[in-house]
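Under this note's numbering, the letters of the sequence shown match residues 485 to 704, in that order. C-beta: ideal position from N, C-alpha, C; glycine also. Here the structure is a predicted model, which is why all the values come from computation and not from measurement. Just below is one structure, and these are the notes that go with it.
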Amino acid sequence: MRLLRLYRALHDRFGPQRWWPGRSAYEVAVGAVLTQHTAWLNAARAVAALRVRGLLRPERVAALPPDRLADVIRPAGTYRVKARRLAALTHWLMERHGGTWASVRRAPLEPLRRELLAVSGLGPETADAILLYAAGRPVFVADAYARRVLARHRLLDPRAGYEEARAFIEAHLPSDPALFNEYHALLVAAAKRHCRTVPRCADCPLRFDLRGRRPAPASS
Ligand code: SF4
């Protein structure tokens, strides 16, 4: 099947990406919020600032005054907004799941996803990154990088939105969190190295799939 052939080609070229960096599920979830609208390097600085203060624990973040939390995560940018989002995520984890990830890992997926999407400031991309990378649930993160590559290969309509793309990918791959994890990371690698605003197909590992055609237009 075609999506798996693309996956193997990416994996053969780039190797395992080992996403997402984090020493605990909570740290991964915190990173998913902090990297919104900023490069991972900035988010990683904020995660490190939380770590040295012993704040990568939900009960510690929940007890922190909002201004203090905002101050600590300043390197991530838009830190007041992100502090509110981090507090909201932490509140959800404490109130709905007792502050641990065991029930997040086994709760029925669709209601769980709706719960997470109702947390203030969490859009589908962040919610799905938390579900996949922190909780190991089989949800594909169909971000703009993934959509761009798949649209250029005519697998997706260039106007396909996040949910349409996610549904397509999940319907055409085995429902395997490890596969979703690696595939998403590999698509991001391909988009950053080759499938940029102007695609660089010449030495791209997915060139074989174009079969001599030009890439289709993509919206991003
Ligand atoms: S750079 Fe070209 S070959 Fe590579 S993913 Fe984009 S469209 Fe496909």
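Near ligand 1, meaning a Cβ closer than 5 Å to any of its heavy atoms, lie the following residues in chain order: V633, R636, H678, C679, P683, C685, C688, L690, R691 and P699.
When the beta-carbon positions are compared, L616 and A572 stay at least 9 Å from each other. Look at the beta carbons and you see the region 630 to 640 touching the region 673 to 682: at least three pairs across the two are nearer than 8 Å.
For P689, the three-state secondary structure derived from DSSP is coil. For P642, the secondary structure class from DSSP, reduced to helix, strand or coil, is coil. When DSSP states are grouped into helix, strand and coil, P701 belongs to the coil group.
Rounded to whole angstroms, the gap between the alpha carbons of T610 and V517 is 7 Å. Counting along the chain, the unbroken alpha helix (DSSP H) around P608 starts and ends at P608 to A613. Of the candidates L487, L539, R558 and A591, the residue whose Cα lies closest to the Cα of T574 is L539.
When secondary structure is reduced to three states using DSSP, P683 falls in the strand class. Sorting A675, A644 and A547 by C-alpha distance to the C-alpha of A567 places A547 at the top. Excluding the 5 residues flanking it on each side, I614 has same chain C-beta neighbours closer than 6 Å at A513 and A516, in chain order. Looking from the CA of R507, the closest CA among A702, E648, A528 and G499 belongs to A528. Secondary structure at P549: coil, using DSSP grouped into helix, strand and coil. Contact annotation: P542 and M485 have beta-carbon atoms that are not nearer than 9 Å. Rounded to the nearest whole angstrom, the C-alpha separation of R497 and P689 is 7 Å. Note on A554: 16 or more other CB atoms within 10 angstroms of its CB, so buried under the neighbour-count rule.
Judged by beta-carbon spacing, A509 lies within the 9 Å limit of A618, meaning their Cβ atoms are closer than that value. In the DSSP assignment, W524 falls within the alpha helix (DSSP H) that extends over W524 to V536. For the set H495, V536 and V565, the Cα lying nearest the Cα of Q520 is the one of V565. Judged by their CB atoms, E666 and W524 are not nearer to each other than the 9 Å cut-off.
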